[in-house]
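Engineer: Below you'll find the structure I mean.
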Amino acid sequence: MVASPQRNPATAYLWAAAACLLTAGLATPLRPFLDLVNIVMLFLLTVFLVARWLGRGPAVMASFLSVVLFDVLFVPPRFSLAVSDVQYLVTFAVMLAVGLVTAALTAGLQRQAEVAREQERQAQGLYELARELAGAAGREQLEEALGNYLKGMGIQAELHLIDEAGNLPFLATAALPQRLALMAVVQGDAVEMDDPGDLSRLVLPLKGPMRVRGVMVVSAQDPANLARERQRLGTVASLVALTVERLHYVDVAQESQIEITAERLRSSVLSALSHDLRTPLTALVGMADSLALTREGTTEATRSTAAALRDQARAMGNLLGNLLDMARLQAGKVQLRREWQLFEDVISASLNLLKPTLADRPIRVALPPDLPLVEFDAVLLERVVCNLLENAAKYSPPGSPIDIRAFVEGDRAGVSVCDQGKGFPPGQAERVFGMFERGQAESATPGVGLGLAIAKAIIEAHGGTIAAADRPEGGACVSFRLPLGTPPAIEAEPADLQEDDKP
Amino acid sequence: MTTEMNVLLIEDEPQIRRFVRAALEAEGSRVFEAENGQRGLIEAGTRKPDLLIVDLGLPDMDGVDLIRDFRSWSEAPVLILSARSDEQDKIDALDAGADDYLTKPFGVGELAARVRALQRRRMKGQEASPRLAFGGVEVDFSRRTVHRDGEPVHLTPIEYRLLSVLAANGGKVMTHRSLMREVWGPNHGESGHYLRIYMSHLRQKLEADPAQPAHFLTETGVGYRFQP
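Chains A and B, in that order, are what the protein sequence lines are.
So the first sequence is residues 1 to 503, counted in our numbering.
So the second sequence is residues 1001 to 1228, counted in our numbering.
Here's what the structure looks like:
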């Protein structure tokens, strides 16, 4: 508001001189009524007002002019610089001194007020920037707010953020300044760059509360501009870093939200699919089975057709189970229900489950005594053993025996299932674990080759290994091994029935 | 078993109801149907069935709640129908008072066998026998002796207790938790590995082929079943 005197110093001095002359003019008619001391007061007031409104230079000039005007117009002999009474020299000196001190003090105050106003303006600007950044919902809005703010200072800024992999992509394109930018990030401090062009630049690290998020490169035509605003730019960089970090966590939260939703959708689709496919299959199996068992009004041919229908529907049910299991496993979200248990439970349950399939097979089970407890998910491991048994039955001649063996080997415990079929085609032993992979391509043996892939996925989810090999004496062998770990202790009990809890 | 049995079938799928009904009627049972849980509970109250067959995946209510409700006033056996992947549902239903389960898809033969076993259990429930014989094994609960092929078999106290609990619940699926509770007491519900070890001991001592047991059967992920 008092910016004009600074910009036109000549005018200010003219105004100061005019003020002094006006005071002299007003005081002259009052000379008979006022003491000279009071006229001095009027001049001092003028100097004070000049200092207040026009600044220091004009006030100093007004001090001198006032002394001269006072001397010439009021002190006898009038209209001369001569002084009759020497004591007026003291008046002049005091008047001049008071005038100069007033000028200095007032102008100083003025400047302080000016600085305070400027600081307030800057704080207001930063506050507004902070408010806009707090509301920014993305990188574009962040950059727009920053650009608007810096435009007022004649400064441009570019943001370069560290990406997911921990790289600063900006380093790849900028040749010379890259080391400086890196230094800024590493030291967490601002770095100046000598640019080959005209622009002078400053690289500021974006230090978020958690870690450095990138750099802000600011440039201006006038290097002095950057030097002057360096501290403020540091503050701006902190604000930007906070915003970048906030946006980062917003992204993270959104991503995990999306993941949770997708996961929920996937599992609900899977269970709906499972229910919708299993219901008609159940009806099909049941109705075909009733027909196959009906004696009245059916022929032998009808009954055997119905039985075949039932068996096919059952096979489809197994396939469906395998497909759904594979889908769950592939989604990678299978929760293992691990418990310490014995292989023999799973082996006996699998054999019981596959009784119809294995009816014509001699099954030889070799369980060494004192097999240790192993930690696994029984339902999934049952699926593995069933798949291995079904596979063995499928690829070996009817009536030939199947061997199941449990074993301990170092820090692993395992189970192997072996048949007496033709074994794996040469060089194919590892490939059989791939999805939809079958030993004999397009053979008449039914199945889509999902069984071993599922077995592999389940065993690997347990931290175990699975391998296929031919036995030297002929036939294929598939074995899996699980880590033994440290089973929980079992306290022995006194081994006598008759002593304890007798009725 | 000549007495006619009243069966209530609660299942939302008409095609499944149809063949289950046919199979049960072929066995000489009288079958009542309900297509949802609410209807089922009302039917159960009026018909007082001798056997309840209930699908765990009912559209209108949780099958486990239904079983708990039914169990609060009826001792009649409960057979559940469920999908393979829902082990926890089966366990919850069994702990709520169900006796056995059938996994979909199932054949008429399996269904009939389960129903007959439950019926037998119900009949035998009335007269508690001090003797039990299965596969060459004879147990005399009054004298606390166990013989296999005429030879005395030595059981530890825990093995004997486990055998008694299983025998008292013959044909019924016992969850790991309920077996642990009955044999080791209420504080041992979590240390299931003891149960596995002792079950293995029983098989070694009483089964002709412990690796392929005929009486002490594993219900994977759920528990055990003793088949006399």
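From the three backbone atoms N, C-alpha and C, an ideal C-beta is built for every residue, glycine too.
Measuring alpha carbon to alpha carbon, tell me which residue in B:A1083, B:A1112 and B:L1008 is nearest A1026 (chain B).
Structural biologist: Counting from 1 along the second sequence, the entry for residue 1026 (chain B) is found at position 26. Out of B:A1083, B:A1112 and B:L1008, B:A1112 has the C-alpha closest to the C-alpha of A1026 (chain B).
Engineer: When burial is assigned at 16 or more other CB atoms within 10 Å of the CB, is A492 (chain A) buried or exposed?
Structural biologist: Within the first sequence, numbered from 1, the residue matching residue 492 (chain A) stands at position 492. Flag for A492 (chain A) reads exposed.
Engineer: What span of residues does the alpha helix (DSSP H) with L270 (chain A) cover, start to end?
Structural biologist: On the first sequence, position 270 is the one that residue 270 (chain A) refers to. R230 to L293 is the extent of the alpha helix (DSSP H) around L270 (chain A).
Engineer: Report the rounded CA-to-CA distance for Y1224 (chain B) versus A327 (chain A), giving the unit in angstroms.
Structural biologist: Mapped onto the second sequence, residue 1224 (chain B) falls at position 224. Mapped onto the first sequence, residue 327 (chain A) falls at position 327. Using only the alpha carbons, I get a separation of about 29 Å.
Engineer: Check whether the segment 369-380 of chain A touches the segment 1214-1221 of chain B, taking contact to mean three or more Cβ pairs, one atom from each stretch, closer than 8 Å.
Structural biologist: Yes, they touch.
Engineer: DSSP state of W340 (chain A), grouped into three classes?
Structural biologist: As a first step, residue 340 (chain A) must be located in the first sequence, where it is residue number 340. If DSSP states are grouped into helix, strand and coil, W340 (chain A) belongs with the strands.
Engineer: Less than 7 Å separating the Cβ of L1079 (chain B) from some heavy atom of the ligand PLP?
Structural biologist: Judged by which ligands are present, the structure shown has none, so any question about the ligand PLP falls away.
Engineer: F1226 (chain B) bridges to which residues according to DSSP?
Structural biologist: Here residue 1226 (chain B) refers to the residue found at position 226 when the second sequence is read from its first residue. Paired residue(s): B:F1216.
Engineer: Since P483 (chain A) meets chain B, which of its residues come closer than 7 Å, beta carbon to beta carbon?
Structural biologist: To locate residue 483 (chain A), count along the first sequence from 1; it is residue 483. Chain B residues near P483 (chain A): none, gap ~17 Å exceeds 7 Å.
Engineer: Which bits of chain A does S1164 (chain B) rub up against, with CB to CB less than 9 Å?
Structural biologist: Translated into the one-based positions of the second sequence, residue 1164 (chain B) becomes position 164. Near S1164 (chain B) there are no residues of chain A at all, since even the closest Cβ is about 10 Å away, more than 9 Å.
Engineer: For L1066 (chain B), return the contacting residues in chain A, with the cut-off set at a CB-CB distance below 7 Å.
Structural biologist: If you number the second sequence from 1, residue 1066 (chain B) lands on position 66. By Cβ distance, chain A contributes nothing, its closest Cβ being about 18 Å from L1066 (chain B), past 7 Å.
Engineer: Please report the distance separating the alpha-carbon of R264 (chain A) from that of A253 (chain A).
Structural biologist: Within the first sequence, the letter at position 264 stands for residue 264 (chain A). Within the first sequence, the letter at position 253 stands for residue 253 (chain A). Distance between the alpha carbons of R264 (chain A) and A253 (chain A) is about 16 Å.
Engineer: How is the alpha helix (DSSP H) around Y13 (chain A) delimited, first residue to last?
Structural biologist: Here residue 13 (chain A) refers to the residue found at position 13 when the first sequence is read from its first residue. Element bounds for Y13 (chain A): P9 to A27.
Engineer: Taking 8 Å as the CB-CB cut-off, is D345 (chain A) touching chain B?
Structural biologist: As a first step, residue 345 (chain A) must be located in the first sequence, where it is residue number 345. For D345 (chain A), the answer is yes, since a Cβ of chain B falls inside 8 Å of its Cβ.
Engineer: To be precise: take each residue of the segment 260-293 of chain A, compare its Cβ to all Cβ atoms of chain B, and keep it if any distance is under 7 Å. Which residues remain?
Structural biologist: Answer in chain order: S274, H275, R278, T279, L281, T282, A283, V285, G286, M287, D289, S290 and L293.
Engineer: Give me, in chain order, the residues of the same chain whose beta-carbon lies closer than 8 Å to that of E229 (chain A); leave out the 5 immediate sequence neighbours on both sides.
Structural biologist: Residue mapping note: residue 229 (chain A) aligns to position 229 of the first sequence, counting from 1. So the list reads M153 and I155, once near-sequence residues are dropped.
Engineer: Between which two residues does the beta strand (DSSP E) holding F43 (chain A) run?
Structural biologist: Position 43 of the first sequence, counting from 1, holds the residue named residue 43 (chain A). Where F43 (chain A) is concerned, there is no enclosing beta strand (DSSP E), although the alpha helix (DSSP H) it sits in stretches over L36 to L54.
Engineer: I want to see whether chain A comes within less than 8 Å of T1218 (chain B), judged by CB atoms only; does it?
Structural biologist: Position 218 of the second sequence, counted from the start, is the residue given in the question as residue 1218 (chain B). By this cut-off, T1218 (chain B) is an interface position.
Engineer: For L373 (chain A), would you say it is in contact with chain B, using Cβ-to-Cβ distances shorter than 8 Å as the test?
Structural biologist: Here the question's residue 373 (chain A) lines up with position 373 in the first sequence. Yes - at least one Cβ of chain B is within 8 Å of the one on L373 (chain A).
Engineer: Applying the 10 Å Cβ sphere with the 16-neighbour rule, what's the burial state of G475 (chain A)?
Structural biologist: On the first sequence, position 475 is the one that residue 475 (chain A) refers to. Buried: at least 16 other Cβ atoms inside 10 Å.
Engineer: Could you have a look at Y1194 (chain B) and say whether DSSP puts it in helix, strand or coil?
Structural biologist: Reading the second sequence from its first residue, position 194 is the one you call residue 1194 (chain B). In the structure shown, Y1194 (chain B) sits in a helix (DSSP, three-state: H, G or I).
Engineer: Are the segment 126-141 of chain A and the segment 66-84 of chain A touching, with three or more C-beta to C-beta distances below 8 Å?
Structural biologist: No, they do not touch.
Engineer: Leaving out five residues on either side along the sequence, give the residues of the same chain with a beta carbon under 7 Å from the beta carbon of L284 (chain A).
Structural biologist: Stepping through the first sequence from its first residue, residue 284 (chain A) is reached at position 284. Cβ neighbours of L284 (chain A) beyond the five flanking positions: A313.
Engineer: Any C-beta of chain A sitting closer than 8 Å to the C-beta of A1168 (chain B)?
Structural biologist: For the purposes of this step, residue 1168 (chain B) is identified with residue 168 of the second sequence, where counting begins at 1. No, no contact with chain A.
Engineer: Under 7 Å, CB to CB, which of the residues in the segment 1193-1205 of chain B have a partner in chain A?
Structural biologist: So the close ones are H1193, Y1194, R1196, I1197 and S1200.
Engineer: From B:P1014, B:V1165 and B:E1138, pick the residue whose C-alpha is nearest to that of P1152 (chain B); which is it?
Structural biologist: Looking up residue 1152 (chain B) in the second sequence gives position 152. Checked all of B:P1014, B:V1165 and B:E1138; the closest Cα to P1152 (chain B) is B:E1138.
Engineer: Could you pull out every residue in the same chain whose Cβ sits closer than 6 Å to the Cβ of L1162 (chain B), ignoring the five residues on either side in sequence?
Structural biologist: Taking the first residue of the second sequence as position 1, residue 1162 (chain B) is located at position 162. For L1162 (chain B), where only same-chain residues beyond five positions count, the Cβ hits under 6 Å are V1183 and Y1198.
Engineer: For the segment 1087-1107 of chain B, which residues have a CB atom closer than 9 Å to at least one CB atom of chain A, in sequence order?
Structural biologist: Here the close residues are E1087, Q1088, K1104, P1105, F1106 and G1107.
Engineer: If we ignore side chains and look at the alpha-carbon of each, how far apart do S1191 (chain B) and Q335 (chain A) end up?
Structural biologist: Here residue 1191 (chain B) refers to the residue found at position 191 of the second sequence. Here residue 335 (chain A) refers to the residue found at position 335 of the first sequence. So the two alpha carbons sit approximately 20 Å from each other.
Engineer: Under 8 Å, CB to CB, which of the residues in the segment 298-322 of chain A have a partner in chain B?
Structural biologist: Those residues of the segment 298-322 of chain A that come within reach of chain B (Cβ to Cβ, closer than 8 Å) are R310, A313, R314, G317 and G321.
Engineer: Give a yes or no on whether the minimum CB-CB distance between A455 (chain A) and chain B is below 8 Å.
Structural biologist: Here residue 455 (chain A) corresponds to residue number 455 of the first sequence, with the count starting at 1. Not one chain B Cβ lies under 8 Å of A455 (chain A).
Engineer: Which residues share a DSSP beta bridge with K422 (chain A)?
Structural biologist: Within the first sequence, numbered from 1, the residue matching residue 422 (chain A) stands at position 422. Partner(s): none; K422 (chain A) has no beta bridge.
Engineer: Using a C-beta to C-beta distance shorter than 8 Å, which residues of chain B count as neighbours of I490 (chain A)?
Structural biologist: By one-based count along the first sequence, residue 490 (chain A) stands at place 490. Here the neighbours are H1193, Y1194 and I1197.
Engineer: Distance cutoff 8 Å, beta carbons only. Does V252 (chain A) sit that close to anything in chain B?
Structural biologist: What you label residue 252 (chain A) is simply residue 252 of the first sequence in a count that begins at 1. For V252 (chain A), the answer is no, since every Cβ of chain B falls outside 8 Å of its Cβ.
Engineer: Note down, in chain order, all residues in the segment 1012-1023 of chain B with a beta-carbon under 8 Å from any beta-carbon belonging to chain A.
Structural biologist: Cβ contacts with chain A: E1013, Q1015, I1016, R1018, F1019, V1020, A1022 and A1023.
Engineer: Starting from N391 (chain A), trace the alpha helix (DSSP H) both ways and give me its first and last residue.
Structural biologist: For the purposes of this step, residue 391 (chain A) is taken as the residue at position 391 of the first sequence. Per DSSP, N391 (chain A) belongs to the alpha helix (DSSP H) from A378 to K394.
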